[in-house]
Amino acid sequence: AQKVTQAQTEISVVEKEDVTLDCVYETRDTTYYLFWYKQPPSGELVFLIRRNSFDEQNEISGRYSWNFQKSTSSFNFTITASQVVDSAVYFCALSGPQSGGYQKVTFGTGTKLQVIP
Amino acid sequence: DAGVIQSPRHEVTEMGQEVTLRCKPISGHDYLFWYRQTMMRGLELLIYFNNNVPIDDSGMPEDRFSAKMPNASFSTLKIQPSEPRDSAVYFCASTPDRGSGNTIYFGEGSWLTVV
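Here's what the structure looks like:
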């Protein structure tokens with residue numbers, strides 16, 4: 016079965032520090048999609064990024080960057096120069112045929128990030 | 525474009541009462557999902573629809589839960605009778621049918637407390 020593991024339950028950093036959130040996944044699919052979502056204290060789930068399994072290029076968006084390593088089944092998320100507004104729970108997710116279809120997304124348990132001013 | 529719209533945002537109800545959560549997906553999205561989030565179980569997919577037809581309801585916890593999608597712009601999740609263990613945040617989400625790996629967009633959630 017598909018599985019997403021976010022081993023870090025909670026992380027605290029001081030503002031302006033860099034922080035990496037780990038995500039390790041398991042799947043037997045050869046084609047699959049990986050996602051990151053942010054859930055700020057207000058509660059909504061905000062989409063951050065989608066990556067397909069054939070695209071191993073790392074991506075940078077402002078202070079956010081993602082490192083996809085197919086060889087280690089990891090899709091890590093780094094926030095550079097963290098800010099208080101980055102405080103949130105971050106979810107890694109996976110979808111693929113094995114889960115019953117690309118529409119069935121498997122979420123990790125989330126990593127709660129606290130950025131201390 | 526408007527996002528996924530859910531109502532009510534917050535609901536407190538007594539055990540045994542019927543609860544109805546409502547959702548309007550993003551216009552043009554063919555898939556609609558109901559998720560439940562709790563501290564213990566994280567994010568769970570309860571049911572999803574494609575073109576108003578329920579495709580997979582294997583995540584619905586028990587017969588007390590039911591979901592309908594009478595048209596492309598409206599869905600309900602009903603709990604009858606409600607129990608304290610149903611207290612959770614219920615998210616509705618939608619995605620277009622443009623092949624594989626589409627991004628799922630979530631509503632702001634309905635925070636349900638059953639006392």
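These protein sequence lines map, in sequence, to chains A and B. Numbering-wise, the first sequence is residues 16 to 132 according to the working numbering. Numbering-wise, the second sequence is residues 525 to 639 according to the working numbering. Cβ coordinates follow ideal geometry from the N, Cα and C atoms, glycine included.
Proximity below 8 Å, CB of valine 19 of chain A to CB of glycine 116 of chain A: Walking along the first sequence from the start, residue 19 of chain A turns up at place 4. Walking along the first sequence from the start, residue 116 of chain A turns up at place 101. Cβ distance not < 8 Å, so valine 19 of chain A and glycine 116 of chain A don't count as in contact.
Per-residue burial, asparagine 575 of chain B [other beta carbons within 10 Å of its own, 16 or more giving buried]: If you number the second sequence from 1, residue 575 of chain B lands on position 51. By the 16-neighbour rule on beta-carbons within 10 angstroms, asparagine 575 of chain B is exposed.
Inter-residue spacing [alpha-carbon to alpha-carbon] between proline 132 of chain A and serine 80 of chain A: Locating residue 132 of chain A in the first sequence gives position 117, where the first residue counts as 1. Locating residue 80 of chain A in the first sequence gives position 65, where the first residue counts as 1. If I take the Cα positions, the gap works out to 22 Å.
Helix, strand or coil at proline 605 of chain B according to DSSP, with G and I counted as helix: Sequence index remark: in the second sequence, residue 605 of chain B carries index 81 (1-based). Reduced to three states, the DSSP call for proline 605 of chain B is coil.
Inter-residue Cα distance where the pair is glutamate 632 of chain B and valine 34 of chain A: Counting from 1 along the second sequence, the entry for residue 632 of chain B is found at position 108. Counting from 1 along the first sequence, the entry for residue 34 of chain A is found at position 19. Glutamate 632 of chain B and valine 34 of chain A have their C-alpha atoms roughly 26 Å apart.
Same chain, Cβ closer than 7 Å to glutamine 561 of chain B, neighbours up to 5 away in sequence not counted: On the second sequence, residue 561 of chain B is found 37 positions in, with the first residue counted as 1. If you ignore the 5 residues before and after glutamine 561 of chain B, its C-beta comes within less than 7 Å of the C-beta of Leu567, Ala612, Val613 and Phe615, all in its own chain and listed in chain order.
9 Å Cβ cut-off: residues of chain B touching leucine 128 of chain A: The residue labelled residue 128 of chain A in the question sits at position 113 within the first sequence. Going along chain B, no residue has its Cβ under 9 Å from leucine 128 of chain A, so there is no contact; the nearest lies around 16 Å.
Residue-level contact to chain B via CB, valine 19 of chain A, 8 Å cutoff: Reading the first sequence from its first residue, position 4 is the one you call residue 19 of chain A. Not one chain B Cβ lies under 8 Å of valine 19 of chain A.
DSSP-derived helix/strand/coil call for valine 120 of chain A: In the first sequence, residue 120 of chain A corresponds to position 105, counting from 1. In the three-state reduction of the DSSP assignment, valine 120 of chain A falls in the strand class, which pools E and B.
Assigned secondary structure, serine 86 of chain A (DSSP; H/G/I helix, E/B strand, else coil): As a working note, residue 86 of chain A is residue 71 in the first sequence. In the structure shown, serine 86 of chain A adopts helical secondary structure according to DSSP, grouped into three states.
8 Å Cβ cutoff, leucine 636 of chain B in contact with chain A: Walking along the second sequence from the start, residue 636 of chain B turns up at place 112. Taking Cβ atoms only, chain A never reaches closer than 8 Å to leucine 636 of chain B, which makes this a no.
Helix, strand or coil at tyrosine 28 of chain A [DSSP, three-state]: Indexing the first sequence from 1 puts residue 28 of chain A at position 13. The sequence given here has valine at residue 28 of chain A, not tyrosine. It is a strand residue.
C-alpha gap between threonine 93 of chain A and threonine 544 of chain B, whole angstroms: Residue numbering aside, residue 93 of chain A sits at position 78 when the first sequence is read from its first letter. Residue numbering aside, residue 544 of chain B sits at position 20 when the second sequence is read from its first letter. So the alpha carbons of these two residues sit roughly 39 Å apart.
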